[in-house]
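In the working numbering, the protein residues as written are 10 to 374.
Where is the CB? At the ideal position from N, CA and C, for every residue including glycine.
Take a look at the structure below.
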Amino acid sequence: MDLRLLTTERAEMENFILYEEIGRGSKTVVYKGRRKGTINFVAILCTDKCRRPEITNWVRLTHEIKHKNIVTFHEWYETSNHLWLVVELCTGGSLEMVIAQDENLPEDVVREFGIDLLTGLHHLHQLGILFCDISPGKILLEGPGTLKFSNFCLAKVEGENLEEFFTLVAAEEGGGDSGENVVKKNMKSRVKGSLVYTAPEIVRGTDFSITSDLWSLGCLLYEMFSGKPPFFSECVSELIEKICYEDPLPPIPKDSSCPKASSDFINLLDGLLQKDPQKSRNMEYSGSQDATELLKSPQGGQAKGEKSGQRLSHSFRLELIYTDSDLVITPIIDNPKVWKDRKDTLPPWGWSLGDVFIPQSYLLP
Numbered sequence: 010m011d012l013r014l015l016t017t018e019r020a021e022m023e024n025f026i027l028y029e030e031i032g033r034g035s036k037t038v039v040y041k042g043r044r045k046g047t048i049n050f051v052a053i054l055c056t057d058k059c060r061r062p063e064i065t066n067w068v069r070l071t072h073e074i075k076h077k078n079i080v081t082f083h084e085w086y087e088t089s090n091h092l093w094l095v096v097e098l099c100t101g102g103s104l105e106m107v108i109a110q111d112e113n114l115p116e117d118v119v120r121e122f123g124i125d126l127l128t129g130l131h132h133l134h135q136l137g138i139l140f141c142d143i144s145p146g147k148i149l150l151e152g153p154g155t156l157k158f159s160n161f162c163l164a165k166v167e168g169e170n171l172e173e174f175f176t177l178v179a180a181e182e183g184g185g186d187s188g189e190n191v192v193k194k195n196m197k198s199r200v201k202g203s204l205v206y207t208a209p210e211i212v213r214g215t216d217f218s219i220t221s222d223l224w225s226l227g228c229l230l231y232e233m234f235s236g237k238p239p240f241f242s243e244c245v246s247e248l249i250e251k252i253c254y255e256d257p258l259p260p261i262p263k264d265s266s267c268p269k270a271s272s273d274f275i276n277l278l279d280g281l282l283q284k285d286p287q288k289s290r291n292m293e294y295s296g297s298q299d300a301t302e303l304l305k306s307p308q309g310g311q312a313k314g315e316k317s318g319q320r321l322s323h324s325f326r327l328e329l330i331y332t333d334s335d336l337v338i339t340p341i342i343d344n345p346k347v348w349k350d351r352k353d354t355l356p357p358w359g360w361s362l363g364d365v366f367i368p369q370s371y372l373l374p
């Protein structure tokens, strides 16, 4: 790495005030922070350099995204021993904690949250990005109650091999071909997310897709309403069996005093949790307003002329408006060490754009 870059990055980190520690993982510490001279509070992740593939992936996918349902990336830096990631601070905690505290949420709240999730997911899909690891711990709440996708460590561009990308980044850091041979051995485990929210076709070995993201969304809606995921077991083989072959039980709130789910909400879940992604309900998904009608409308769980029990799919007109995230079309990576031979395509090392809780989704897997 260019030592001049390293010096600049160290100097830039001095522009931030670190407050209390607000989270900790095995190799990551999260601080509440503030840029000097401003009242803009941020979350600052300090992580071990062995997490370079995950952090690089997060940055290269989100550094240009500005959306109300996606946690904003601000800057990233490298010092002698750590990588530092500066992102939007969400003060409401994670969806995982809300579910744990409330046990279950009323259907109208689930619908409101669902609109946020579907709107954010729609935006990512328009950009050709698959989240791949949707779970309650990776959804954060901003103060007013807006849900935001966070922790893009395992997200990827549609059709991309994330394992190969991780291997490339780690090998470059480790020093060439010999390093690449070593890191290949442990990359498979690093690109796997939470099995509980994984679609059956992914369990069987198919690549991630828009419809697999929608399956995970269905799992979240189910869990928000009932307080538990549609499929769960402490035994991995039993969990796989349930995901692939069993139908979920009707969602019943943990609190028996809560109203039962409406028929259209159940139909919506049936559609999202369809086992066969080929039996897809066609939905014109050219705008977020169209996408959220399924959650707004009393008949939202069933499209006109369609039967329930079909997974939603999107017909997109994908425009190449986010080529920075697409390694096939425009291979731009924000780590100079990875793409050291592509100086013509390298963006600046950091981007300077600009609020305490311990959201688990700030912590890297």
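Who are W224's beta bridge partners in DSSP? DSSP, once it has assigned bridges, lists no residue as partnering W224.
The alpha helix (DSSP H) that contains A109, what's its start and end? L104 to D111
Does L27 come out as helix, strand or coil in the three-state DSSP assignment? strand
So which of V205, G42, E172 and P268 has the shortest CA-CA distance to P62? E172
Best match in S89, N90, R69 and L156 for proximity to F82 [C-alpha to C-alpha]: R69
On a Cα-Cα basis, can you pick out the residue from D264, S144, D222 and C244 that is closest to L282? D222
Relative to the C-alpha of G101, which residue among D111, I261, G154 and D125 is closest? G154
Check each candidate in E167, G227, E116 and N160 and name the one with the smallest Cα separation from G146. N160
May I ask you to report which of helix, strand or coil DSSP gives K165? strand
What does DSSP give as the partner residues of K157 in its beta bridges? L149
CA nearest to the CA of A109, picked from Y28, C267, K263 and L277: K263
Between which two residues does the beta strand (DSSP E) harbouring R43 extend? T37 to R44
Using a Cβ-Cβ cut-off of 6 angstroms (strictly less than) and excluding sequence neighbours within five positions of G129, which residues of its own chain qualify? N78, I79 and F158
Within the continuous alpha helix (DSSP H) that includes I275, where are the two ends? S272 to L281
Quick check on the DSSP output: what are the complete alpha helix (DSSP H) runs of length 4 or more inside the segment 55–111, in order along the chain? 61–71 and 104–111
Would you tell me roughly how many angstroms separate the C-alpha atoms of A208 and F274, rounded to the nearest one? 20 angstroms
For the pair the segment 202–221 and the segment 238–251, tell me if three or more CB-CB distances fall below 8 angstroms. yes
What's the C-alpha gap between E97 and E247? 38 angstroms
Neighbourhood of G46 by C-beta, 7 angstroms cutoff - its chain only, sequence neighbours within 5 removed: none
Less than 8 angstroms between the beta carbons of L92 and T56, yes or no? yes
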